[in-house]
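Report on the structure given below.
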Amino acid sequence: MKTNNKKVLHLRKVKNEPTLLTLTPKEVSELVLEGIVTLCIVFLLYLGILVMVSQLINEPGFISVEFSAREVWHIEREQIAFYKNIFTITSVVFAVAFTYWRLMRRYQQMQLNHILEELHLIADGQYDRRIPFRLSGDMGQVVNSINRLVDSTVNALEDERAIEKSKDELITNVSHDIRTPLTSILGYLGLIVNQPNVESADAKRYAEIAYSKAEQMKLLVDDLFEYTTTRPNGAPLRLNDIPIVNFLEQVAADFELEAQKRKMAIEVLPN
38 MKTNNKKVLH LRKVKNEPTL LTLTPKEVSE LVLEGIVTLC IVFLLYLGIL
88 VMVSQLINEP GFISVEFSAR EVWHIEREQI AFYKNIFTIT SVVFAVAFTY
138 WRLMRRYQQM QLNHILEELH LIADGQYDRR IPFRLSGDMG QVVNSINRLV
188 DSTVNALEDE RAIEKSKDEL ITNVSHDIRT PLTSILGYLG LIVNQPNVES
238 ADAKRYAEIA YSKAEQMKLL VDDLFEYTTT RPNGAPLRLN DIPIVNFLEQ
288 VAADFELEAQ KRKMAIEVLP N
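Residue 38 is where the sequence shown starts when you use the working numbering, and the numbers rise one by one after that.
Here it is, written out as structure tokens:
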């Protein structure tokens with residue numbers, strides 16, 4: 038016996054409002070350490086430049102063997118202090134800007150790590166999850182795009198599951214609808230074959246009923262074929278009016294044999 042193992046997906050839509058990204062204590066400590074290390078590097082660079090410039094200006098040998106650059110160029114101490122202050126202010130601005138750039142770069146890496154963690158959970162089958170935090174800039178657009186993509190994927194999976202369910206119901210209904218006229222055909226043909234003394238008029242009537250049931254089966258098969266060809270393309274189904282009298286006559290013919298066995302008669306009154 039052949040069995041089909043189908044993976045059942047339990048899906049539910051989540052409408053939780055996204056919140057701001059909350060860093061873990063470890064990530065906060067990493068950012069603080071990153072800022073301290075960056076400031077220390079900039080400060081050491083600042084001190085190195087000051088020492089080097091001070092030696093170039095005050096020590097002999099750079100411009101002249103006997104005189105320093107300050108003495109050759111007649112640079113006053115007030116001017117040196119002024120340029121030193123400008124350099125210090127510039128260094129502070131550079132240190133703040135560079136540290137901010139480094140921290141933002143590190144923070145974006147942490148954001149990306151959180152996004153990847155959520156994507157791994159979704160890829161593992163947790164389709165009810167969404168990226169639960171909101172971000173600004175390009176990262177925010179990425180998060181929104183991912184959430185929309187997951188929503189569309191979930192909707193597609195739900196539609197596919199509904200289609201599979203409708204197909205199963207269709208097969209069950211068609212099997213039942215085909216079995217009913219087939220039983221009638223076999224019953225009426227059995228009357229003709231198994232009763233040698235059956236009158237020609239009754240045999241003709243039985244044959245006509247069997248023929249009408251065969252046509253009914255053909256219509257069911259045609260409808261099934263039309264459904265299978267139009268359903269994937271989304272084509273609209275064609276609705277037809279069915280006269281209720283003809284429908285009742287078919288029902289009466291279906292149960293005529295059973296009524297005869299029970300010594301009953303089924304009569305359909307016209308309009």
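Beta carbons are placed, not taken as given, at the ideal position from N, Cα and C, and that holds for glycine. Since the structure is predicted, the reported quantities are computational estimates derived from the model, not experimental observations.
In the DSSP annotation of this structure, the continuous segment of the alpha helix (DSSP H) that includes glutamine 145 starts and ends at 114-160.
Under DSSP, the beta-bridge partners assigned to arginine 171 are Leu57. Taking 8 Å as the upper bound for CB-CB distance, valine 258 and valine 282 are not in contact here, some 25 Å apart.
In the pairwise beta carbon analysis, the segment 175-195 is classified as not touching the segment 229-239: fewer than three pairs are separated by under 8 Å. Out of Phe135, Thr190, Gly162, Ile168, the CA that lies nearest to the CA of asparagine 150 is found in Ile168. At least 8 Å separates the beta-carbon of glutamate 71 from that of leucine 172. Within the same chain, and ignoring the five residues on either side of alanine 240 in sequence, the residues whose Cβ sits closer than 7 Å to its Cβ are Ile229.
Taking all protein chains in view, the Cβ of alanine 290 is crowded by 16 or more other Cβ atoms within 10 Å, so the residue is classified as buried. For proline 218, the secondary structure class from DSSP, reduced to helix, strand or coil, is helix.
Its chain contains Leu294 as the residues whose beta carbon lies nearer than 8 Å to that of glycine 224, once the 5 sequence neighbours on both sides are disregarded; these appear in chain order. Taken through DSSP and simplified to helix, strand or coil, glutamine 163 comes out as coil. The shortest C-alpha to C-alpha distance from glutamine 163 to any of Arg142, Gln146, Asp188, Glu64 is the one to Asp188. Apart from sequence neighbours up to five positions away, the residues of its chain that approach isoleucine 246 with a beta-carbon distance below 6 Å are Tyr225, Ala290, ordered along the chain. In this structure, the beta-carbon distance from valine 79 to phenylalanine 131 falls below 8 Å. Contact between isoleucine 222 and alanine 199 does not hold, since the beta-carbon distance rounds to 35 Å and is not under 8 Å. Contact check for valine 180 and leucine 261: beta-carbon distance about 46 Å, past the 8 Å limit, so the pair fails to qualify. With respect to methionine 254, isoleucine 215 sits close: the two C-beta atoms are nearer than 8 Å. Excluding five sequence positions before and after serine 128, the CB atoms of its chain that fall closer than 6 Å to its own CB belong to Tyr83, given in chain order.
One Cα belongs to phenylalanine 170, the other to leucine 58, and the distance between them is close to 5 Å. By the 16-neighbour rule on beta-carbons within 10 angstroms, asparagine 184 is buried.
In the three-state reduction of the DSSP assignment, asparagine 231 falls in the helix class, which pools H, G and I. Taking C-beta separations shorter than 7 Å and ignoring five residues to either side along the sequence, the partners of phenylalanine 292 in its chain run Ile303, following chain order. Inter-residue distance for glutamine 116 and asparagine 122 is about 10 Å (C-alpha atoms, whole angstroms). Judged by their CB atoms, leucine 68 and arginine 142 are not nearer to each other than the 8 Å cut-off. For glutamate 236 and proline 218, the gap between their C-alpha atoms comes out near 23 Å.
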